[in-house]
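Have a look at the structure below, then the notes.
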Amino acid sequence: MKAKDGVLELLNQVLRAELTAVHQYLLHAALCKNWGYSRLHEHYSHLAQEEVGHSSGLMDHVLYLDGTPDVEHLDAVAHGKDAAALFAADLDFEQQDAELLRKAIAHCAKVGDFTTRHIFEHMIIDTEEHIDWFETQLRIIKQTGLENYLAVQIKK
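Under this note's numbering, the sequence shown has 727 at position 146, and the numbering climbs by one with no breaks.
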């Protein structure tokens, strides 16, 4: 099937963001494991797998539209020296992702590609849940202190 104007470019932009998220969340999972925070390691591993699923679905859809998935490019992968820094970087990343998805949804509606629009609408639900989770973790850290927050992240 032939893609409508601009849709393949947006699909590949979102794919690049999702593949970057996979790498970022795998790194953050490894950091949390190394720091001894089993609960955070588990959560980041789950996020990485979720992003793998999104990436796979996007690649399938690009191919369905007779395009070529761009898997060669990634954005910069953020990292930090503690969990709060990871959360702040991930919150920023997810907020940028939400903005890209909103732009993609609007474009798909404009050109009449409701199948791709539906894919993006499904993804933005997960993105907004991620934003909420990172905001919540940062709020808890602000209220209880980083050391108290991390004390409960050691065991599952």
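The beta-carbon is built from N, C-alpha and C at its ideal position, and this holds for glycine as well.
Residue i, buried or exposed, once every other Cβ within 10 Å from all chains shown has been counted against 16
i           : result
residue 595 : buried
residue 715 : buried
residue 622 : buried
residue 644 : exposed
residue 657 : exposed
residue 677 : exposed
residue 744 : Since the first residue of the chain shown is 582 and the last is 737, residue 744 is not available in this structure.
residue 609 : buried
residue 603 : buried
residue 653 : exposed
residue 632 : buried
Rounded straight-line distance, which links the Cα of residue j to that of residue i
i           : j           : result
residue 598 : residue 731 : 28 Å
residue 695 : residue 701 : 10 Å
residue 629 : residue 698 : 23 Å
residue 673 : residue 707 : 15 Å
residue 724 : residue 649 : 47 Å
residue 729 : residue 736 : 14 Å
residue 660 : residue 582 : 39 Å
Anticipated Cβ contact below 8 Å, residue i with residue j, distance rounded
i           : j           : result
residue 675 : residue 711 : 5 Å
Tell me, please, whether the segment 665 to 672 touches the segment 688 to 708 by the rule of three or more beta-carbon pairs shorter than 8 Å. no
Counting Cβ pairs, one atom from each stretch, are 3 or more of them under 8 Å apart for the segment 612 to 620 and the segment 631 to 642? no
Do the segment 586 to 594 and the segment 621 to 637 touch if we need at least three Cβ pairs shorter than 8 Å? no
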